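J.: Please see the structure below; I have some questions.
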Amino acid sequence: MWITGAVYFALCFNTLVRRNLPLAAAIKTENLTKTYASRGRKTNVVDHVDLEVEEGEIFGFLGPNGAGKTTTIKMLLNIIYPNEGTAYVLGKEIGDISIHSKLSYLPEKPYYYEHMTGMEILHFYGKLFGMKEPHRSNRAKELLQKVGLGDAGSKPIAKFSKGMQQRIGLAQSLLNEPMLLFLDEPTGGLDPIAHIEIRDLILQMRNEGKTVFISSHELSDVERICDRVAIIDRGRIVKQGKLDTLLAGGRVEITAENVPDSVAASLNTDGVITSMHSGRLIVDAPDTAPTDGMLDAIRGGGATIVSVIPRRKRLEDLFVETITKPRERAS
Ligand SMILES: Nc1ncnc2c1ncn2[C@@H]1O[C@H](COP(=O)(O)OP(=O)(O)OP(=O)(O)O)[C@@H](O)[C@H]1O
Ligand SMILES: [Mg+2]
């Protein structure tokens with residue numbers, strides 16, 4: 338009997354490997370493509386996209402307006418269907434809706450019945466998820482507190498500020514205790530304090546073991562909280578990887594005073610930019626340059642080091658150097 342079981346297991350495993358199904362990836366897309374026709378011309382607005390998101394990470398999905406972020410998310414949620422390729426979410430192919438109870442979605446433009454209060458909205462979605470009382474009420478109260486709307490649960494949504502609407506959206510997206518959250522621009526248009534609070538909430542989700550897929554234009558938020566990112570431009574993935582790796586290649590700025598010209602000249606090697614004004618030297622060097630040796634040379638010449646400032650590459654720099662400029666797009 339167990340031989341039959343072993344054979345069955347081997348067949349299943351073989352099928353999994355042959356179909357290259359992800360065993361630990363929360364999301365894996367294979368040539369995912371969406372085509373729309375406009376004025377008789379077909380365009381791949383999502384163009385053979387291969388993405389891989391690991392379980393338990395915060396993944397940032399970046400790209401200019403119209404790049405294909407929301408369209409990709411909607412395909413992953415089976416709201417719209419690919420014209421080519423496929424994707425796997427929590428190990429199931431996207432057409433398999435059995436996984437949907439473990440997913441949640443905060444759309445980029447959430448729409449709620451405005452006459453309902455924050456509490457009523459959460460009950461409404463709770464009922465859709467089949468949540469029973471008293472669990473539904475307890476969970477709604479707990480989430481209103483968690484997103485900072487503890488005092489606003491009885492206010493109609495029509496009177497909510499943009500930040501409050503974003504918070505109720507997050508509460509809604511946490512109702513079903515999802516394993517994987519899709520947040521489409523969760524901090525768009527929020528004030529700086531709200532940014533920090535929402536960022537903290539997202540970090541808390543990762544600490545609870547959830548996987549978070551965020552589409553965002555807020556590069557400083559992404560830089561602070563995401564483990565890995567992908568950049569999409571005109572439907573195609575143009576960069577993907579660990580944030581630390583993608584942002585490697587920062588620079589170091591050394592400022593020193595009373596530096597002899599001969600010492601300043603000796604520092605002028607490959608990739609190092611020096612500028613000298615009245616004995617004050619500024620050295621702008623790649624972070625791979627031998628900084629210790631440079632500091633020794635400056636001190637050895639009798640100069641005083643004023644500051645040494647490491648400057649990490651910013652996500653904004655990576656974004657700008659990666660994305661095709663509008664003028665180049667038109668040509
Ligand atoms: N239903 C549709 N019919 C035709 N074209 C569409 C449709 N939905 C989206 N598009 C087009 O697909 C492209 C990608 O749109 P999408 O909404 O995915 O971009 P996005 O990256 O989310 O942009 P944003 O940052 O502005 O939210 C755009 O050119 C858009 O006009
Ligand atoms: Mg969008």
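According to this note's numbering, the stretch in the sequence shown is residues 338 to 668, in order. All residues carry an ideal CB built from backbone N, CA and C; glycine is no exception. Computed from a predicted model, the values in this text were never measured in an experiment.
With a 10 Å radius around its C-beta and 16 neighbouring C-beta atoms as the bar for buried, classify Asp433 as buried or exposed.
T.: exposed
J.: Cβ of Glu522 within 8 Å of any heavy atom in ligand 2?
T.: yes
J.: For the beta strand (DSSP E) that contains Val643, what are its first and last residues?
T.: 641–648
J.: Does the Cβ of Glu658 have 16 or more other Cβ atoms within 10 Å, making it buried, or fewer, making it exposed?
T.: exposed
J.: Would you mind working out which of Gly455, Leu465, Phe497 sits nearest Glu479, comparing C-alpha positions?
T.: Gly455
J.: If we ignore side chains and look at the alpha-carbon of each, how far apart do Pro523 and Pro623 end up?
T.: For the pair Pro523 and Pro623, the Cα-to-Cα distance works out to about 35 Å.
J.: Bridge partners of Leu481, per DSSP?
T.: The partner list for Leu481 (beta bridge, DSSP) is empty, contrary to what the question assumes.
J.: Let me confirm a value: Gln482 is counted as buried when at least 16 other C-beta atoms fall within 10 Å, else exposed. Which label applies?
T.: exposed
J.: Closest by CA to Leu584, which one among Leu652, Met453, Ile574?
T.: Leu652
J.: Measuring CB to CB, does Ile635 end up less than 9 Å from Ala602?
T.: no
J.: Taking just the CA atoms, how far does Ala508 sit from Leu459?
T.: Roughly 8 Å separates the two Cα atoms.
J.: Any heavy atom of ligand 1 closer than 8 Å to the Cβ of Asn402?
T.: Yes, the beta carbon of Asn402 sits closer than 8 Å to at least one heavy atom of ligand 1.
J.: So, for Gly587: in the same chain, excluding its five sequence neighbours on each side, which residues have a beta-carbon less than 6 Å away from its beta-carbon?
T.: Only Asp624, Arg648, Arg649, Lys650 meet the Cβ criterion.
J.: Jot down the residue ranges of each uninterrupted alpha helix (DSSP H) in the region 518–572, minimum 4 residues, whole runs only, in chain order.
T.: The qualifying runs are 529–544, 556–562.
J.: Measuring only the C-alpha atoms, how far is Leu358 from Leu618?
T.: Unreliable positioning characterises Leu358 in this predicted model, as indicated by a pLDDT of 47, which lies under 50. The coordinate reading is nonetheless provided below. Across the structure, Leu358 and Leu618 are spaced so that their CA atoms are roughly 57 Å apart.
J.: List the whole-angstrom C-beta distance separating Gly463 from Ile569, where the pair is believed to meet the contact cut-off of C-beta under 8 Å.
T.: So it is not a contact: roughly 34 Å between Cβ atoms.
J.: Buried or exposed: where does Asp558 fall if 16 or more other Cβ atoms within 10 Å of its Cβ makes it buried?
T.: Burial call: buried.
J.: Should Glu430 be labelled buried (16 or more other beta-carbon atoms within 10 Å of its own) or exposed?
T.: exposed
J.: Among the candidates Ala567, Gly572, Arg571, whose CA atom is the shortest distance from the CA of Gly578?
T.: Ala567
J.: Tell me the rounded alpha-carbon separation between Ala404 and Leu655.
T.: 16 Å
J.: Checking 9 Å against the spacing of the C-beta atoms, do Leu517 and Val426 come in under that value?
T.: Less than 9 Å divides the Cβ of Leu517 from the Cβ of Val426.
J.: Out of curiosity, what's the CA-to-CA distance linking Gly506 and Pro447?
T.: 7 Å
J.: Residues in its own chain within less than 8 Å of Gly637 by CB, not counting five upstream and five downstream?
T.: Val600
J.: Using beta-carbon positions only, say whether Thr423 and Ile417 come within less than 9 Å of one another.
T.: no
J.: Using a Cβ-Cβ cutoff of less than 6 Å, which residues in the same chain neighbour Ile591 once the five nearest sequence positions on both sides are dropped?
T.: Shown here for Ile591: same chain residues with a beta carbon closer than 6 Å to its own, the five before and five after excluded, namely Val620, Val645 in chain order.
J.: Going by the DSSP bridge assignment, what does Gly578 pair with across the sheet?
T.: Val566
J.: Do Glu451 and Ile494 have their C-beta atoms within less than 9 Å of each other?
T.: yes
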